[in-house]
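Sequential numbering from 5 applies to the sequence shown in the numbering used here. For glycine and all other residues, C-beta sits at the position ideal for the given N, C-alpha and C.
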Amino acid sequence: MTDEKTVHTSWIWLDRIPDQAINYYADFYRVIHVGHLGGLWSLRISVDSNFAAWLNGAYIGSGQYSDFPDDRTFSTIDLTPLIQQGQNELAIQVYYCGVDNSSYIPGGAGLWYELDKDGEVVVRSDSQTMSRLSKQYTSETTTRMTPQRGFTFHYAALPGPTWQMPEHVCDEAWTAPQVITCNQQPRPRPVKMLDTSESVAGVVVAQGLLQRGSSKNVSVQMQRDFLSARHPWELFENQSPTSKLVSGSVTLVSDRLEGSDGFYLVYDLGREVCGFLNLCLSASDSCVIDTSVGEHLDDLRVRSSVGGRCFASRYVACEGKQSFTHWHHRYAGRYIQVHITGLRGELRLERVGLVAAKYSVEEVGRFESPDSLANNVWRTSIQTLRLCMYEHYEDCPWREQALYANDMRNQMLSGFYVFGDHNFPRASLELLRKSIGIDGYTTLCAPMRSAYTIPGFTMAWLLSVCDYYLFGGDDGYIHQVLPDIKRMMGCFQSTLVNDALPCPRGDGYWHFYDWASGLDGSDPAEANGLNLVEGIRFDAPLNALWLMAVRAVGKVSEYIGDHTYAAECRSLVENSAAAIHNLFFDNAEGCYRTYVGDSASPHFAELTQALMLLTGTGDKALSNSLRQRLISGDHLLVTTTLSQSLYKYEAVLQDPALGPAVWSAIMDRWSPMLLKGASSFWETEQGGWDFHHAGSLCHGWSAIPAYFFGAYGLGIKPIEPGYRRVLVNPVFDLEHLRGCIPTPMGEIALQLNREGERWSLQISHPEGIDVVVDPERISVVSAETLDRGHDQTQATQA
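Below is the structure:
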């Protein structure tokens with residue numbers, strides 16, 4: 005048996021591609037001889053940038069984890085059901101992006117794999133693996149999708165057997181790969197591979213003829229093609245005026261082109277889906293099929309090109325039956341538009357859709373109220389969360405697929421009330437932790453090589469670490485990350501001026517707080533340096549977020565027994581709270597300015613007031629006044645958008661009596677999206693028309709109702725790490741509620757019934773959880789610890 009401690013598996017790559025080549029598709033092929041079946045077989049694989057793999061012609065998996073070049077990870081795929089005695093063919097297609105984007109840092113192109121049987125490596129990536137540049141994908145010259153993502157694709161199908169089968173091995177294009185000198189051995193990926201077992205087919209909802217424009221960019225071409233609608237029976241074979249096209253295949257023939265350049269079809273998937281483009285078709289001759297996936301039909305077509313973003317790719321069909329899935333990029337949307345040109349003869353489209361990509365996570369949380377619309381808000385929040393978690397949390401699956409700390413916090417808090425998985429949030433926290441710079445700030449996204457950071461988002465990351473500990477009780481992770489947190493805090497503390505935190509200066513700092521007027525970092529006064537006090541810029545939102553982070557870190561330090569650092573944090577909060585209040589409070593308006601400075605324009609925002617309330621810097625009278633102004637819609641204050649509603653409603657709910665008002669506010673903002681047919685919640689309330697027509701209709705930060713419904717509807721909040729003590733304090737004005745939430749120790753299930761001004765509570769929970777209630781508001785009818793059978797225990801009355 006080989007000594008695994010001394011033998012390293014080699015990285016390999018094509019031998020004829022320049023080192024600086026980008027956007028390349030490479031095929032790798034290996035014949036594996038198996039003498040005896042039995043045992044457990046697996047494939048460990050790591051690449052830069054992505055892969056798809058087949059064994060004996062059957063697809064077995066795809067998807068490289070979003071890691072860092074100096075810390076590669078491998079995926080493990082179970083081969084046991086497919087391995088066969090005798091000859092086996094392993095085929096791996098590797099896509100190398102090679103250019104920076106919001107979730108990828110280029111390393112050197114390469115493939116690393118090991119075939120394992122019962123813990124012993126029997127085959128490694130080496131010079132015996134055959135390799136070639138893909139004959140079907142166009143490499144290097146396609147269009148960039150968005151700055152946050154990779155490239156579009158151009159694929160030309162070839163007749164005959166697929167390249168993954170042994171018939172192609174005799175092709176002279178196959179050569180031995182170059183073996184890369186590299187001692188880096190990848191580690192296991194920290195989260196599960198994506199589930200691709202569900203395939204979602206589209207239904208044709210619009211069709212017609214097209215006249216082609218002159219652009220060479222496929223996305224622009226699709227956007228500008230002239231479209232002329234036709235009835236189904238005018239276009240498709242075997243359709244009559246009485247037929248209703250519901251689903252299934254459609255057949256197009258060139259005889260019905262009427263002198264136009266081609267056909268167009270719009271497919272509806274029925275809901276927002278994220279996954280891999282899938283086509284099944286047969287053609288009598290070659291033709292060009294351009295596809296674009298989008299979230300809406302606001303332009304009466306899919307927006308394939310918007311603001312320089314390109315969402316269309318090209319598939320060139322060959323003669324015969326063919327099935328194609330593009331495994332190297334995920335697409336998201338509800339609609340797929342197809343433009344078919346160059347058709348001679350007949351084309352039968354059997355299937356146009358997406359192979360859904362899912363991170364498999366158990367949905368434990370439940371929320372059941374007498375309000376059916378509210379129940380739908382809960383379910384849609386969960387669907388939004390699922391659509392924004394893959395290798396890591398993502399802001400939106402359509403446009404960016406990037407991990408931002410601010411978005412992540414909303415997603416984490418909401419997910420804690422739905423999913424029983426704490427591994428996924430930890431992995432996302434880790435990606436951002438690895439991006440911390442010498443100034444103490446995380447980069448814009450992770451993994452990403454960016455010249456920019458959003459200072460306030462670093463504070464959101466710190467708060468998220470503390471949230472993770474409160475909800476999960478993971479002592480080991482806190483001990484691991486606390487040295488980095490202390491270093492970050494030391495960086496910030498060293499820059500304090502009169503106990504307030506100045507904004508870091510330089511072109512790399514984007515002082516963004518919200519997509520609202522004066523808060524998105526694009527204000528001309530800020531750019532010209534007018535918001536300065538003696539040459540130094542101070543922002544209230546950044547100071548408030550920093551103060552909240554210091555307080556949260558102090559509490560965590562106390563929990564793990566680091567009392568010295570906890571005391572330092574308390575002292576820092578005490579010294580800075582008064583200074584920050586005095587710096588930003590405007591006596592004339594009775595609220596806090598967002599910015600200060602001799603030339604600063606007066607700016608007052610709901611977000612500013614909410615964040616200052618959450619620091620606890622004001623007295624009781626001021627706090628009550630600000631909460632009333634937040635919930636009443638004060639016209640002086642710039643309104644908070646969906647993205648930062650977490651802070652607004654948390655601040656208002658410091659007064660539980662305002663719970664019914666917050667409930668109404670949430671329903672008034674989120675339910676209109678449902679009434680407009682949303683299957684996931686939008687980036688902003690303007691939907692696809694925002695951001696110069698590039699607004700996304702699925703955005704992770706907008707799933708935040710799931711958090712509020714669990715934390716304030718069911719009223720369940722951990723008050724000691726890992727749910728050792730739990731507060732039950734519902735504040736929304738509903739007749740009755742039922743639900744449950746996950747904890748590291750098991751589920752907490754409860755039923756609440758309103759009896760006048762009081763609630764009656766029935767609750768069951770795992771042993772080891774101390775439930776705290778307010779006896780003035782809640783009567784505990786029954787409390788059951790699940791690990792003791794039917795032993796009745798009394799909840800603690802606060």
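Buried or exposed (CB count within 10 angstroms, at least 16 for buried), residue i
i: Ala-113; result: buried
i: His-769; result: buried
i: Phe-230; result: exposed
i: Tyr-456; result: exposed
i: Glu-366; result: exposed
i: Asn-733; result: buried
i: Asp-399; result: buried
i: Gln-801; result: Bear in mind that the predicted position of Gln-801 carries a pLDDT of just 48, short of 50, making it too unreliable to give a figure here.
i: Thr-246; result: exposed
i: Gln-168; result: buried
i: His-343; result: buried
i: Ile-723; result: exposed
i: Ala-556; result: buried
i: Asp-623; result: exposed
i: Leu-115; result: buried
i: Gln-225; result: buried
Reference residue i; option with closest CA among the options
i: Thr-255; options: Glu-276, Arg-355, Ala-336 and Gln-341; result: Arg-355
i: Pro-181; options: Leu-18, Gly-67 and Phe-230; result: Leu-18
i: Ala-406; options: Leu-435, Leu-137, Val-642 and Phe-420; result: Leu-435
i: Glu-404; options: Asn-427, Gln-89, Gln-387 and Met-452; result: Met-452
i: Trp-382; options: Leu-391, Met-393, Arg-370 and Arg-491; result: Arg-370
i: Gly-324; options: Tyr-481, Leu-358, Gln-225 and Ser-286; result: Ser-286
i: Tyr-100; options: Ser-138, Ser-131 and Asp-524; result: Ser-138
i: Thr-612; options: Thr-621, Ala-604, Gly-622 and Tyr-596; result: Tyr-596
i: Cys-322; options: Tyr-159, Leu-549, Gln-91 and His-330; result: Tyr-159
i: His-396; options: Met-492, Gly-67, Gln-755 and Glu-759; result: Gly-67
i: Gly-1; options: Phe-157, Glu-759 and Tyr-716; result: Any question about residue 1 goes unanswered here, given that the chain covers just 5 to 802.
8 Å contact criterion, which residue i and residue j should meet: CB distance rounded
i: Glu-299; j: Gly-681; result: So it is not a contact: roughly 11 Å between Cβ atoms.
i: Asn-414; j: Trp-705; result: 4 Å
i: Asp-52; j: Pro-73; result: 7 Å
i: Ile-293; j: Tyr-319; result: 5 Å
i: Leu-646; j: Glu-689; result: 7 Å
i: Leu-679; j: Ala-655; result: With 8 Å as the limit, Leu-679 and Ala-655 do not qualify as a contact, their Cβ atoms being about 28 Å apart.
i: Arg-193; j: Tyr-394; result: Not really, about 12 Å apart at Cβ, beyond 8 Å.
i: Val-222; j: Tyr-271; result: Not quite, the Cβ-Cβ distance comes to about 18 Å (not below 8 Å), so this is no contact.
Inter-residue Cα distance where the pair is residue i and residue j
i: Glu-8; j: Asp-75; result: Confidence at Glu-8 is low in this model, with a pLDDT of 45, below 50, so the placement of that residue should be treated as unreliable; the coordinate-derived value is given next. Rounded to the nearest angstrom, the two C-alpha atoms are 20 Å apart.
i: Pro-429; j: Ser-700; result: 23 Å
i: Gly-206; j: Thr-446; result: 41 Å
i: Ile-489; j: Trp-465; result: 10 Å
i: Val-38; j: Val-195; result: 30 Å
i: Thr-6; j: Ala-431; result: At Thr-6, the pLDDT of 41 sits below 50, so the modelled position is not reliable and the matter cannot be decided from this model.
i: Met-197; j: Asn-427; result: 13 Å
i: Gly-424; j: Gly-476; result: 10 Å
i: Ser-836; j: Val-257; result: An answer regarding residue 836 cannot be provided, because it is not within the stretch 5 to 802 covered by the chain.
i: Gly-726; j: Lys-559; result: 14 Å
i: Ala-581; j: Arg-633; result: 22 Å
i: Gln-798; j: Pro-709; result: The predicted model places Gln-798 with a pLDDT of 47, which falls under 50 and marks its position as unreliable; any figure quoted below should be read in that light. Using only the alpha carbons, I get a separation of about 30 Å.
i: Ser-309; j: Gln-227; result: 6 Å
i: His-794; j: Asp-672; result: Residue placement at His-794 is flagged as unreliable, the pLDDT there being 37, under the threshold of 50; the coordinate-derived value follows with that caveat. Their backbone Cα atoms lie some 42 Å apart in a straight line.
i: Val-775; j: Cys-470; result: 21 Å
i: His-567; j: Ser-561; result: 7 Å
i: Arg-348; j: Gly-263; result: 13 Å
i: Glu-687; j: Trp-674; result: 11 Å
i: Gly-714; j: Ser-385; result: 12 Å
i: Val-306; j: Trp-763; result: 49 Å
i: Glu-202; j: His-330; result: 15 Å
i: Gln-796; j: Tyr-473; result: Interpretation of Gln-796 is limited by its pLDDT of 42, a score under 50 that renders its predicted location unreliable; the figure taken from the coordinates is listed afterwards. Roughly 29 Å separates the two Cα atoms.
i: Tyr-513; j: Met-412; result: 20 Å
i: Ala-570; j: Trp-667; result: 35 Å
(message) Under 8 Å, with one C-beta from each stretch per pair, do the region 101-120 and the region 47-54 reach the 3-pair mark?
(response) yes
(request) Could you tell me whether the region 92-109 touches the region 59-68, using the rule of 3 or more Cβ pairs below 8 Å? (result) yes
(message) Across the region 328-337 and the region 266-285, are there enough close Cβ pairs to call them in contact, namely three or more that are closer than 8 Å?
(response) yes
(request) Count the CB pairs spanning the region 626-639 and the region 656-666 that are closer than 8 Å, and state whether there are at least three. (result) yes
(message) Below 8 Å, how does it come out for the region 601-612 and the region 564-578: are there three or more Cβ pairs, yes or no?
(response) no
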